[in-house]
Each structure stands twice: as structure tokens, then as C-alpha cells.
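Report on one structure; see the data block that follows.
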Amino acid sequence: MDKHNSEESKILRTRDGYPIADNQNSLTAGPRGPVAMHDFHLSEKLAHFNRERIPERVVHAKGAGAFGTFTVTNDITKYTKAKLFSEVGKQTPVLARFSTVGGEKGSADAERDPRGFSVKFYTEEGNWDMVGNNTPVFFIRDPLKFPDFIHTQKRCPANNLKDPYMRWDYWSQCPEALHQVTILYSDRGIPQSHRHMNGYGSHTFSFVNDENQRIWVKFHFKTLQGIKNLTEEEATEVKAKNPDSATEDLWNAIEEGNYPKWRFSIQVMTEEQAQNHPDNPFDLTKVWKHSDYPLIEVGILELNRNPENYFAQIEQAAFSPSAVVPGIGFSPDKTLIARVMTYADAHRYRLGTNYQQLPVNAPRCPFSDYQRDGAMNYGNNGGSLPNYEPNSNPNAPKPAPNYAEPPLSLGDVAVDRYDHREGNDDYSQAGDLYRLMSEDAKERLTENIANSLGEVPEDIQKRQLCQFFRADVDYGRRVAQKIGIEIDFSSLPKEAQAVTT
Ligand code: HEM
């Protein structure tokens, strides 16, 4: 029997499962009260209500979203190994969220403001979040300026009013904002609805193909509904009649089967072209000329399913530029790098440390890690597998070096994961310390170690003994003797043999 449709499941209960006989009348001493303290249904109901609000997004608080599919229409496998693009016709489920930037969660949709354009692709290799805007550029090129810039778009600290003084005071001192300011006050400054605007990744990202070759890339989503905007006067009227105009438009279109679509295209630039580019190709305030870097079609994004529950699926959705999949990566754009760091931090504050476990955020591919516990943790929390790595458990998750990205060369240095052991001597100072000890102290040290090390399997004991030998032969010998291990010096690794002879 489907437990969600059974008669039992339709009984109103407390969150502990107790059936509720009366949801209209509190438990009281006589008909005129007072209420009895042990009416736990009343206290649970009021207490939960008190905790219904969570922090709204610090920016992009007002938004609407829907689910859909992304379908590949053109082969771009020569640029990226990302499996969501692996063949023409391939479909990937998505969640999209559109937003204004500066307003609060209850603010009007038809404001003159950039629009957020976020798409979460639930791919077979994890989630790829494309967290862009409806403009190909942005107001700042250095992330250090973001909080100040956003303060100017919000309310005046003195009187809590929107204040043109703040924004023009700031912009007039930040010429790098002029490109985006020009778009914001142009005919495209107030999109008529979320369906009638384009989306852009804005930053330069990277693609890596099967041969581990990198290419720089920009993302473009062109609306197939056509671009439509409001004039200042029209927007004033729309806001007065329906502050939720764009939210309602998206919902109704999908309910009516009029599914909105966008054509996803890319611009690509080779590493060599980037070196010879007249501007910094990683500058978020600039576009790449389409005449030099023409659009290459990739596929169609279609939204065809409204959320069942706004809070669970849209408010709790967490989009982050750090969510990428193999074959899609970052670029030296400093604002992008800062965003990669900061969004997950915002999610932890807004939704909690285990926000990736929420159904709308969880990847659709199998996943395992060494993160444990934390508030509101559910699932099996790693079960009985070790909570540290490296470990000797054959069933525990292990890194897969074949997913390493190619090093990012920046002239004299390259950004890569360097082995911190290379060129480092981890043994001499430990050995020096040992040799400084008195005979008694050496005995106590090796006794303490043996008492603990004696408890673990022999392969781990031998691995650890190698380290003691490398620090000091006597150190190794004493521990070995105390845990009853006969050392065949010829079986030790070459470096250890060298110090034992
Ligand atoms: C949301 C920070 C630049 C697009 C957010 C949030 C933060 C943030 C903290 C709220 C996240 C949440 O609570 O879920 C920053 C910082 C930036 C930056 C520090 C620069 C240093 C940008 C740029 C774009 C962008 C350049 C677009 C190209 C968005 C979008 C959202 C968002 C679309 C809403 C995501 C959603 O739908 O949930 N940003 N942002 N941001 N940001 Fe940014």
C-alpha cells in the first residue's frame, strides 16, 4: 500500500506522529481558559511558526523558478569532456531560478535592476550550476568592491529608503561600472518577464576536453520568446497592479503548456588567442566581440514543470559557481574566483551546513565523502566507513587522479596541486628531537608508542616503523622490538635501508 495515500496518512499528526483530535480548540481549564501547559500540539504549532522564516538571500532575494530539461543540439565534444554534452539529443534535468538583485524577498519584479539567471544542471557527474545574469558584463572587476557596491543598491542606513545618491556617488567613482550602468538604464533595463530576457555566464570560464586541453569559454542563453522590455512608465503601472508580475508570468506560461525556451550557445577563445587579446579576456566588465568569437550553438533549455512547493524547491535551492563538473572549470577572473569561494559560505549561513543534502540541491549521481555530522544531518552520514583519508579501508572513497585538470600556466608559475612532500624532509627534525632525549625519555617515548601501535594490524605497524627508522635507526629498532616485530632490513624501502646501514 502506498503509505502516502493511505487513510492513515491523511490523519493530522504532530511531528512526532501523535494523531490530533482537535485542531481548532486548545486544551483549557474550563471553556474560558487558561490554556493547559501540556497542550503539546499548541506549543509545537506556535513554536514551529516562530521559526518559519530563514534569512533571505543577501542579494537576489526575490525570485521565481521552475524545472525542465536541457537538450544537446550540436556536438561540442572537441571543446569539453563534460558528459552532459556527450552526444546530440542527450537530455539533462535542470532547475532554473530568475531574480532581481537589490530588492527584498517581497519586492516588485518590474524594477530597473539586473536579473539573475541561474541554472542547475543535474548531470550524471554531479551538479553544474550556471549562476549568471541577464547581462554579459558586471559592475565591478574586483571582488573586494562587491559589498560596497551592493550597499549602494539597497536601502540608506539612516532612513531605510532607496537612495539614488548612494548609487551615483559610488558609480561616479567607479568607471569600470559604466558598461553595465549603460545597459541598466537602456531599453533592456527592465525586462517584461523572466521569459523575455537572455541569460549570460558573464565571466570567462574554461572547458577541458578528453585530451586535457583547455579552452576559454563564455556562456549565452538567448530567449526564444523574443526580448521584451518595459518602459519606466509601463513598469510603474505593472508594479502598482501586480508586484509579482514576472513570477506569475512564468508560473502561468508553464501551467498553460507554453514552455519557455532558450538557445544555449558558447563563444570560445584559445589560450594563445587570450595571450594576444587586446583587453584582459578575463575582465568581467568586457565582452568578447561576436565578430571575432562567433556564437556556437550547443542546445536548448526548456522549462516545463512548476515547483510543487516554493520554499522546498526554490527558496532552499542553493546555486554556486563552485558547482562544476569534469570538463567545465574556472578562469583567472578574480571576481569569478571570489564567487567560487563565497557562495557556499552564504548557503551555509542561509540554509545550514548540510544544505547539499536537501533534495533540491543533492546531486543525482552517487556521492561519498569524509564530511560528517553537523546540524540537520540525515541519510546514513557515511555509515561505518572511516571519517578520514588516507585510510586502509578498500571500501572507502578514494581520490581519482584521472580527473585532475591541466595546470593553469600564469607565465612564471602554474596553478596546480603540488605534492607538498616533494623537496621536504619530514624526518630529520623528528630524529634530532629523538637524539636530544635522555635514555629514560627514549624508553618512555617508545614504550608509549608501542602501547598504542601494538593494537593495530601489522601492515600499518610496518608502514609507521619505516617513518621511525627514517628519523633515527635506534628509534625504529626500539619501537619494533617493543611491539615484537622482527625487522628484515632488506624488506624496508630503499631510503630506510640507507639509514639502517
Ligand atoms: C546570489 C555574492 C557577483 C549572480 C548571490 C548570493 C551571494 C552573492 C552571497 C546569495 C547566495 C545565496 O544565499 O544563495 C556575490 C559576490 C559577487 C557576486 C560576492 C562578486 C564578487 C555576481 C555576478 C553574477 C551573480 C557577477 C552574475 C554574472 C548571482 C545570482 C544569484 C546570486 C544569479 C542568485 C542565485 C539564485 O538564484 O539563488 N551572489 N555575487 N553574482 N548571484 Fe552573486
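In my numbering, the protein residues as written are 6 to 506. Even for Gly, the Cβ is constructed at its ideal location relative to N, Cα and C.
key: Proximity winner among Pro326, Glu57 and Tyr175, relative to Lys339 (alpha-carbon distances)   = For this step, residue 339 is matched to residue 334 along the sequence shown. The shortest C-alpha separation from Lys339 is found at Pro326.
request  = Hey, could you find the ends of the alpha helix (DSSP H) Arg467 is sitting in?
outcome  = In the sequence shown, counting from the first residue as 1, residue 467 sits at position 462. For the record, residue 467 in the displayed sequence is Lys; it is not Arg. Looking at the DSSP string, the run of the alpha helix (DSSP H) that includes Lys467 is Glu463 to Ala476.
query = Where does Gly4 sit, in a helix, a strand or coil, going by DSSP?
reply = This structure cannot settle anything about residue 4, because the visible part of the chain is limited to 6 through 506.
key: Buried/exposed call for Thr451, threshold 16 Cβ in 10 Å   = Start at 1 with the first residue of the sequence shown, and residue 451 comes out as number 446. Buried, by the Cβ-count rule.
ask   = At what residues does the beta strand (DSSP E) containing Lys223 begin and finish?
value = The count along the sequence shown starts at 1 and reaches residue 223 at position 218. Counting along the chain, Lys223 sits inside the beta strand (DSSP E) bounded by residues Arg219 to Thr228.
message = I'd like the ranges of any beta strand (DSSP E) spanning at least 3 consecutive residues and lying wholly in the segment 125-160.
response = 131-138
ask   = If you draw a straight line from the alpha carbon of Asn392 to that of Asn400, how long is it in whole angstroms?
value = As a first step, residue 392 must be located in the sequence shown, where it is residue number 387. As a first step, residue 400 must be located in the sequence shown, where it is residue number 395. Using only the alpha carbons, I get a separation of about 12 Å.
request  = Answer yes or no: do Phe372 and Asp134 have a C-beta to C-beta separation smaller than 7 Å?
outcome  = To locate residue 372, count along the sequence shown from 1; it is residue 367. To locate residue 134, count along the sequence shown from 1; it is residue 129. No. Outside cutoff.
query = What distance in whole Å lies between the Cβ atoms of Asn203 and Lys227, which are believed to be in contact at a cut-off of 8 Å?
reply = Residue 227 sits at position 222 when you count from the first residue of the sequence shown. Residue 203 sits at position 198 when you count from the first residue of the sequence shown. Yes, Lys227 and Asn203 are in contact; Cβ-Cβ is about 5 Å, under 8 Å.
ask   = Residues in its own chain within less than 6 Å of Thr506 by CB, not counting five upstream and five downstream?
value = Translated into positions along the sequence shown, residue 506 becomes position 501. Below a pLDDT of 50, predicted positions are generally treated as unreliable, and Thr506, at 43, falls in that range; no measurement from the model is reported.
inquiry  = If you reduce the DSSP assignment to three classes, tell me which class Tyr360 lands in.
reply    = Locating residue 360 in the sequence shown gives position 355, counting from the first residue. Three-state result, Tyr360: helix.
ask   = Can you tell which of Asp374, Met381 and Cys370 has the C-alpha that lies nearest to the C-alpha of Asn359?
value = For the purposes of this step, residue 359 is identified with residue 354 of the sequence shown, where counting begins at 1. Cα-wise, what sits closest to Asn359 is Met381.
query = Going along the chain, which residues of its own chain have a beta-carbon closer than 6 Å to the beta-carbon of Ser198, five neighbours each way excluded?
reply = Along the sequence shown, one-based indexing puts residue 198 at 193. Excluding residues within five positions, the ones whose Cβ falls inside 6 Å are Ala251 and Asp254.
key: Which residues DSSP lists as bridging Thr97, in chain order   = Your numbering for residue 97 matches position 92 in the sequence shown. Looking at the DSSP assignment, Thr97 forms a beta bridge with Phe75.
key: Close Cβ partners of Phe90 (< 7 Å) along its chain, the five nearest in sequence each way excluded   = For the purposes of this step, residue 90 is taken as residue 85 along the sequence shown, with counting starting at 1. Here Phe90 has Val77, Ile81, Thr82 and Val303 as same chain residues with Cβ atoms under 7 Å from its own Cβ, once five neighbours each way along the sequence are excluded.
inquiry  = If contact is defined by three or more beta carbon pairs under 8 Å, each pair taking one atom from either stretch, is the segment 461-471 in contact with the segment 422-429?
reply    = no
Expected contact under 8 Å - CB spacing of Phe122 and Val99 to nearest Å = As a working mapping, residue 122 is identified with position 117 in the sequence shown. As a working mapping, residue 99 is identified with position 94 in the sequence shown. Not really, about 12 Å apart at Cβ, beyond 8 Å.
request  = Under 8 Å by Cβ, that's how I've got Ser211 and Ser336 pegged, so tell me the actual separation to the nearest angstrom.
outcome  = Looking up residue 211 in the sequence shown gives position 206. Looking up residue 336 in the sequence shown gives position 331. So it is a contact: roughly 6 Å between Cβ atoms.
request  = Please confirm whether Ile195 and Arg102 have their CB atoms less than 7 Å apart.
outcome  = The residue labelled residue 195 in the question sits at position 190 within the sequence shown. The residue labelled residue 102 in the question sits at position 97 within the sequence shown. Cβ distance not < 7 Å, so Ile195 and Arg102 don't count as in contact.
task = Tell me, please, which residues DSSP counts as bridged to Ile232.
result = Looking up residue 232 in the sequence shown gives position 227. DSSP lists no beta-bridge partner residue for Ile232.
Phe419, enclosing beta strand (DSSP E) - first and last residue = Residue mapping note: residue 419 aligns to position 414 of the sequence shown, counting from 1. The sequence shown places Ala at residue 419, rather than the Phe named in the question. Run containing Ala419: Val418 to Val420, per the beta strand (DSSP E) assignment.
key: Range of the contiguous alpha helix (DSSP H) that encloses Gly436   = Position 431 of the sequence shown, counted from the start, is the residue given in the question as residue 436. Taken as a continuous stretch (DSSP letters only), the alpha helix (DSSP H) holding Gly436 covers Ser433 to Leu441.
inquiry  = Rounded to whole angstroms, what is the Cα-Cα separation between Lys150 and His225?
reply    = Position 145 of the sequence shown, counted from the start, is the residue given in the question as residue 150. Position 220 of the sequence shown, counted from the start, is the residue given in the question as residue 225. Whole-angstrom Cα-Cα distance: 25 Å.
inquiry  = Taking the straight line between their C-alpha atoms, what separation do you get for Thr105 and Tyr315?
reply    = Translated into positions along the sequence shown, residue 105 becomes position 100. Translated into positions along the sequence shown, residue 315 becomes position 310. Thr105 and Tyr315: Cα-Cα distance of roughly 17 Å.
request  = Could you check how far apart the C-beta atoms of Gln185 and Phe144 are, in whole angstroms? I think they sit under 8 Å.
outcome  = Locating residue 185 in the sequence shown gives position 180, counting from the first residue. Locating residue 144 in the sequence shown gives position 139, counting from the first residue. Yes, they are in contact, since the Cβ atoms of Gln185 and Phe144 sit about 5 Å apart, within 8 Å.
message = Per the DSSP calculation, Gln272 is bridged to which residue(s)?
response = For the purposes of this step, residue 272 is taken as the residue at position 267 of the sequence shown. The beta-bridge partner set that DSSP reports for Gln272 consists of Lys223.
request  = Consider the C-beta atom of Phe287 and the heavy atoms of the ligand HEM; say whether any pair is separated by less than 6 Å.
outcome  = As a position in the sequence shown, residue 287 is number 282, starting the count at 1. Outside the cutoff, so no.
Glu253 - containing alpha helix (DSSP H), residue span = Along the sequence shown, one-based indexing puts residue 253 at 248. Its alpha helix (DSSP H) spans residues Ser250 to Glu260.
ask   = Is Phe151 near the ligand HEM, judged by its Cβ being under 6 Å from some heavy atom?
value = Numbered from its first residue, the sequence shown carries residue 151 at position 146. Correct: Phe151 has its Cβ closer than 6 Å to the ligand HEM.
Simplified DSSP state of Thr19, which is helix, strand or coil = Translated into positions along the sequence shown, residue 19 becomes position 14. Three-state DSSP puts Thr19 in coil, outside helix and strand.
inquiry  = With H, G and I counted as helix, E and B as strand and the rest as coil, what does DSSP make of Phe45?
reply    = On the sequence shown, residue 45 is found 40 positions in, with the first residue counted as 1. In this structure, Phe45 counts as helix in the three-state DSSP scheme.
request  = With DSSP as the reference, label Met6 as helix, strand or coil.
outcome  = Mapped onto the sequence shown, residue 6 falls at position 1. Only weak support exists for where Met6 lies, its pLDDT of 44 falling under 50; the coordinates are left without a value.
task = Please state if the CB of Asn309 and the CB of Gly73 are separated by a distance shorter than 7 Å.
result = Residue 73 sits at position 68 when you count from the first residue of the sequence shown. Residue 309 sits at position 304 when you count from the first residue of the sequence shown. Against a cut-off of 7 Å, the Cβ pair of Asn309 and Gly73 comes out as a contact.
request  = With DSSP collapsed to three states, give me the class of Lys447.
outcome  = For the purposes of this step, residue 447 is identified with residue 442 of the sequence shown, where counting begins at 1. The answer is helix: DSSP assigns Lys447 an H, G or I state.
request  = Give every residue of the same chain whose Cβ lies closer than 7 Å to the Cβ of Ala343, excluding the five residues on either side of it in the sequence, and list them in chain order.
outcome  = Along the sequence shown, one-based indexing puts residue 343 at 338. Pro148, listed in sequence order.
request  = Could you check what DSSP says for Gly194 in three-state terms: helix, strand or coil?
outcome  = The count along the sequence shown starts at 1 and reaches residue 194 at position 189. Helix, per DSSP.
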